[in-house]
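Every number in this note's numbering is 4 more than the matching position in the sequence shown, counting from 1.
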Amino acid sequence: MRLQFRSLVRHYNCDLCFTPMIMADSFVKSEKARDNDFTTNEGDKPLIVQFAANNVEDFVSAAEIVSPYCDGVDLNCGCPQRWAMKEGYGSALLQKPELIRDLVLQLRNQIPKPFSVSVKIRLLNELRKTVELCRAVEACGATFVTVHGRTPLQRTEPVNIAAFKEIRDSVSLPLIANGDVKTLQDAERLQRVTGYNGVMSARGILQNPALFAGHNKTPVSCVEKWLDLSLTSGLNFVCFHHHLVFMVEKIMNKANRRVFNNLNST
Numbered sequence: 005m006r007l008q009f010r011s012l013v014r015h016y017n018c019d020l021c022f023t024p025m026i027m028a029d030s031f032v033k034s035e036k037a038r039d040n041d042f043t044t045n046e047g048d049k050p051l052i053v054q055f056a057a058n059n060v061e062d063f064v065s066a067a068e069i070v071s072p073y074c075d076g077v078d079l080n081c082g083c084p085q086r087w088a089m090k091e092g093y094g095s096a097l098l099q100k101p102e103l104i105r106d107l108v109l110q111l112r113n114q115i116p117k118p119f120s121v122s123v124k125i126r127l128l129n130e131l132r133k134t135v136e137l138c139r140a141v142e143a144c145g146a147t148f149v150t151v152h153g154r155t156p157l158q159r160t161e162p163v164n165i166a167a168f169k170e171i172r173d174s175v176s177l178p179l180i181a182n183g184d185v186k187t188l189q190d191a192e193r194l195q196r197v198t199g200y201n202g203v204m205s206a207r208g209i210l211q212n213p214a215l216f217a218g219h220n221k222t223p224v225s226c227v228e229k230w231l232d233l234s235l236t237s238g239l240n241f242v243c244f245h246h247h248l249v250f251m252v253e254k255i256m257n258k259a260n261r262r263v264f265n266n267l268n269s270t
């Protein structure tokens, strides 16, 4: 989530926000990338900055840059997009558990607690290997792990509740469950059946930023709040429109959505 959208969801009971996945290498090398990818303010807390990285130097350097302005960094080992996998980022890292371990360990050694160092993963095909990975990052000092309940190749299949539970019973560090959270009831149900410490929503909260406040679809007041935040912050039209398209998906009919989706800045 970018700053303006994080401000919006915090207004609707979101306890902890993550940035979008940021490429650590370009973030370290390019001032333009830093200015574009990361902005924050005094009210933007607690905040976790999520990085895609495939080597220790980039990951640690990127974390050191943002550490004065956030509460922790997260290593994305869950992104299943083809481009990320091809470049050795996201879910591709699941095939290199020793590298994940080294990334967490080196960052933990460089930036001490209470700064948070976390990892977001998907399930490996062998549950045993998923458990081993979670145990390894716990031993390296990870603060928490977010588990998406599908493998990298799964898209619409139901999340694997049995796998969630097996991981929970195998580690002691805090866990966050992710997958299929589209309503507050979904979040409460997932937390209840997994016993995890928290629940994350990604696509669900894009479609309904008021999800955690108990709204089953985006209320008009939320859309109005988004308009106000966007105008007062000078948010560019592309980002503003991108989020608005998600928000109105369930409150507009198909014909109106088609017109709305094709709007351009003037």
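Every residue, glycine too, gets a C-beta built ideally from N, C-alpha and C.
All figures in this text were calculated on a predicted structure; none of them were measured in a lab.
Roughly how many whole angstroms lie between the Cα atoms of residue i and residue j?
i	j	result
Leu-97	Pro-72	27 Å
Lys-186	Leu-111	33 Å
Val-141	Ala-259	48 Å
Pro-116	Arg-86	34 Å
Lys-36	Ser-65	16 Å
Leu-157	Lys-124	16 Å
Lys-100	Phe-250	35 Å
Met-5	Phe-22	6 Å
Arg-262	Leu-131	42 Å
Asn-40	Ile-26	10 Å
Leu-211	Val-252	Contrary to the premise, residue 211 reads as Gln rather than Leu in this sequence. Their Cα atoms are separated by approximately 8 Å.
Asp-48	Pro-118	18 Å
Leu-20	Ser-176	21 Å
Measure how close the beta-carbons of residue i and residue j come, nearest whole angstrom, since I'm counting them as under 8 Å.
i	j	result
Thr-43	Leu-7	5 Å
Leu-109	Cys-144	4 Å
Gly-203	Ala-191	Here residue 203 is Val; the residue named in the question, Gly, does not match the sequence. 4 Å between Cβ atoms; contact.
His-247	Phe-9	6 Å
Gly-92	Asn-129	Between Asn-129 and Gly-92 the Cβ distance is about 19 Å, and since that is not below 8 Å, they are no contact.
Ala-56	Ala-88	7 Å
Gly-82	Val-121	Gly-82 to Val-121, Cβ: 16 Å. No contact.
Leu-233	Leu-12	6 Å
Starting from the C-beta of residue i, find all residues in its chain whose C-beta is less than 7 Å away, skip the five residues before and the five after it, and write them out in chain order.
i	result
Ile-255	Lys-221, Thr-222
Gly-183	His-152, Gly-153, Arg-154, Val-163
Val-135	Glu-170, Ile-171, Ser-174
Val-60	Asp-106, Leu-107, Gln-110
Glu-228	none
How about residue i: is its C-beta nearer than 7 Å to some C-beta of chain C?
i	result
Ala-88	Here chain C cannot be found, since the structure has a single protein chain.
For residue i, count the other beta carbons within 10 Å of its own beta carbon; 16 or more makes it buried, fewer makes it exposed. Which is it?
i	result
Cys-243	exposed
Pro-213	buried
Gly-94	buried
Gly-208	buried
Ala-206	exposed
Phe-241	exposed
Gly-199	exposed
Gln-189	exposed
Leu-231	exposed
Arg-159	exposed
Arg-126	buried
Leu-235	exposed
Val-53	buried
Sorted by chain position, which residues of the same chain lie with C-beta nearer than 8 Å to residue i's C-beta, five sequence neighbours on each side aside?
i	result
Arg-38	Phe-31, Ile-69
Asn-201	Phe-148, Pro-178, Leu-179, Ile-180
Tyr-16	Pro-213, Ala-214, Leu-215, Phe-216, Ala-217, His-219, Cys-226
Going along the chain, which residues of its own chain have a beta-carbon closer than 6 Å to the beta-carbon of residue i, five neighbours each way excluded?
i	result
Leu-239	Gln-8
Asp-29	Asp-62
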